[in-house]
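Participant: One structure, pasted below without further comment.
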Ligand code: TYD
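Structure representation (structure tokens):
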């Protein structure tokens, strides 16, 4: 594929949105054609699935149902948005992708990282990001940041133990793929942005 596929990962409250917006501004100013998107979501159908997944009323959802819904939303997103954009040479920046499922459903929910990666292999038609920025942060700092900023969704309302597992899961994930570039998310936003730019310049 002609384009470049960049994903951002990290525990809740790791500051992905800020960094994604900064990178989007930078690349757009440089003249690149950039698409900004997110998971779960990014298409009409996937946004509907997102509402079901994140609705705090759906507390009884089974882990496998959750994993399949994330994968279903992703399948539509890949088919309708990501592959066409990459084929036409665009840069796609995606807020979370398969790695989130591997960590949240595979490790934190206990389904197994390999199983979840396999399910997602079908959903994504095997496409993988060119680079993944992992904004890493201890669980308690991330959740504190989130609580200060908005009403919590179903996943964010999970116990601190669940979020600690998510952080553990990200620490396992970083060794799983060479494309993953870890950054300490406790640093100042400007500093993180300049590290990301340096890395991206080497890839473009
Ligand atoms: P969102 O509001 O997008 O959170 P954030 O701003 O932290 O990215 O909600 C997405 C939630 O869904 C978040 O808690 C992570 C979780 N998630 C999974 O559990 N599995 C997945 O595959 C994805 C994409 C997200």
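Numbering (our numbering), first residue to last: 1 to 204. Cβ coordinates follow ideal geometry from the N, Cα and C atoms, glycine included. Since we're looking at a predicted model, the values are computed, not measured.
#1: For the ligand TYD, is there any heavy atom lying closer than 7 Å to the beta carbon of residue 17?
#2: Between the C-alpha atoms of residue 86 and residue 186, what's the straight-line distance to the nearest angstrom?
#3: When you compare the segment 129 to 144 with the segment 7 to 19, are there three or more beta-carbon pairs, one atom per stretch, that lie closer than 8 Å?
#4: Using the Cβ count rule (16 or more neighbours within 10 Å means buried), how would you classify residue 99?
#5: When every heavy atom of the ligand TYD is checked, does at least one fall within less than 7 Å of the C-beta of residue 157?
#6: What whole-angstrom Cβ distance do residue 69 and residue 53 have, given they're in contact under 8 Å?
#7: Per DSSP, what are the beta-bridge partners of residue 37 in this structure?
#8: In chain order, what are the residue ranges of uninterrupted beta strand (DSSP E) at least 3 long that sit wholly in the segment 9 to 86?
#9: How would you call residue 204, buried or exposed, if buried means at least 16 neighbouring beta carbons within 10 angstroms?
#10: My assumption, with CB atoms under 8 Å, is that residue 73 sits in contact with residue 46. Please give the rounded CB distance.
#11: Return the chain-ordered ranges of every alpha helix (DSSP H) run that is complete within the segment 104 to 172 and spans a minimum of 4 residues.
#12: Quick one: what's residue 4 bridged to in DSSP?
#13: With DSSP as the reference, label residue 182 as helix, strand or coil.
#14: Can you list, in chain order, the residues of its chain with a C-beta nearer than 8 Å to that of residue 157? Leave out the 5 residues immediately preceding and following it.
#15: Residue 192 to residue 133, Cα distance in whole Å?
#16: Closest to residue 154 by C-alpha separation, out of 61, 121, 103, 148, would be which residue?
#17: Please state the DSSP three-state secondary structure of residue 174.
#18: Answer yes or no: the CB of residue 76 versus the heavy atoms of the ligand TYD, is any distance below 7 Å?
Facilitator: Taking the definition as stated:
#1: yes
#2: 32 Å
#3: yes
#4: Under the 10 Å beta carbon count, residue 99 is surrounded by 16 or more other beta carbons and is classified as buried.
#5: No, the ligand TYD has no heavy atom inside 7 Å of this Cβ.
#6: At roughly 5 Å, the Cβ-Cβ gap stays under 8 Å, so residue 69 and residue 53 are in contact.
#7: 94
#8: 34 to 38
#9: exposed
#10: Beta-carbon to beta-carbon, residue 73 and residue 46 are separated by about 4 Å, close enough to satisfy the 8 Å threshold.
#11: 113 to 123, 139 to 149
#12: Per DSSP, the beta-bridge partners of residue 4 are 91.
#13: In the structure shown, residue 182 sits in a strand (DSSP, three-state: E or B).
#14: For residue 157, where only same-chain residues beyond five positions count, the Cβ hits under 8 Å are 56.
#15: 10 Å
#16: 61
#17: coil
#18: no
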